[in-house]
Amino acid sequence: MLLPGCIIPFAIPPTRSEIGSSTRIGRASEPGSSSLHAAVGTHLASGTQRRDQAFDVGAGWTFEKTTEQTSNGVYLDGAVFIDRTARTRTSLGGRGELRSMTDGKAAAAKLRLDTEVYGGGTSKFSSNDRCGTSSGTYFGTTAVGMFAEAGHVWSTGPEGNAWVATAGVSMRIPSSVGVWIGIPGC
């Protein structure tokens, strides 16, 4: 007897994610306010194993939430690795953002400093249990780090422009491809 199943292929690009806290200065309705900051995107330095990688470029999605505002949008960033050891590296670069806010649009330009503990690798993986199986491979860099950024946000909203500073933690995961086969209701 054959049981119905699910076959789910997956592919994850080389990814960098971050979460932190941000503060704004100069906005009339939210003086000195703080916000939750989150971002996730695809980055070159997450997809390579080269220890001598000179730079990182990336693009992705960003989100910020204060008590009064929510904003999200896209970012582009680029950085040069200015210091490295066998397991750590530090980069300096810039980030540009285009955001949609609760009451308008915004653009931001920021200077960033990132430092991370990292390691490159490639491997195959597989798992098997009574309800399914998975198999695949990954390639790239895994890392955990910290970041700090500061810059200016230009807003069309009634609150106007603001200076911002953000700090938080970051994580890189390598690219991976594979397939998962499962038996529903198992």
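Position one of the sequence shown corresponds to residue 53 (my numbering), numbered consecutively onward.
Backbone N, C-alpha and C fix where the C-beta goes; we use that ideal spot for every residue, glycine too.
Can you tell me where the beta strand (DSSP E) holding Arg141 begins and where it ends?
Here residue 141 refers to the residue found at position 89 when the sequence shown is read from its first residue. From DSSP, the beta strand (DSSP E) with Arg141 extends over Thr140 to Met153.
For the candidate residues Thr189, Ala195 and Asn213, whose alpha-carbon lies nearest to that of Thr167?
Within the sequence shown, residue 167 is the residue found at index 115, counting from 1. If we check each option's Cα against that of Thr167, Ala195 comes out closest.
Can you list, in chain order, the residues of its chain whose CB lies under 6 Å from that of Met53, leaving out five sequence neighbours each side?
As a working note, residue 53 is residue 1 in the sequence shown. Because the pLDDT of Met53 is 44, which lies under 50, any placement of that residue in the model is unreliable, and the number read from its coordinates should be weighed accordingly. Taken in chain order, the list of residues that qualify is empty.
Opposite Cys58 in the DSSP bridges: which residues?
For this step, residue 58 is matched to residue 6 along the sequence shown. For Cys58, which the question treats as bridged, DSSP gives the partners Gly234.
Nearest CA to the CA of Thr100: which residue from His89, Ser227, Ile233 and Ser175?
Numbered from its first residue, the sequence shown carries residue 100 at position 48. Here the closest residue by C-alpha is Ser227.
Can the beta-carbon of Ala219 be found less than 8 Å from the beta-carbon of Ser73?
In the sequence shown, the residue the question calls residue 219 occupies position 167. In the sequence shown, the residue the question calls residue 73 occupies position 21. Contact: yes.
Within 10 Å of its beta-carbon, does Glu70 have 16 or more other beta-carbons around it, so buried, or fewer, so exposed?
As a position in the sequence shown, residue 70 is number 18, starting the count at 1. The residue in question, Glu70, is buried, as its Cβ has 16 or more Cβ neighbours within 10 Å.
Checking the sheet assignment: what are the DSSP bridge partners for Glu116?
As a working mapping, residue 116 is identified with position 64 in the sequence shown. Answer by DSSP bridge pairing, in chain order: His89 and Ser123.
Taking the alpha carbon of Gly156 as the reference point, which residue from Val216, Val205, Tyr190 and Pro210 has its own alpha carbon closest?
Indexing the sequence shown from 1 puts residue 156 at position 104. Closest by alpha carbon: Pro210.
On the three-state DSSP scale, how would you describe Ala97?
Translated into positions along the sequence shown, residue 97 becomes position 45. Reduced to three states, the DSSP call for Ala97 is helix.
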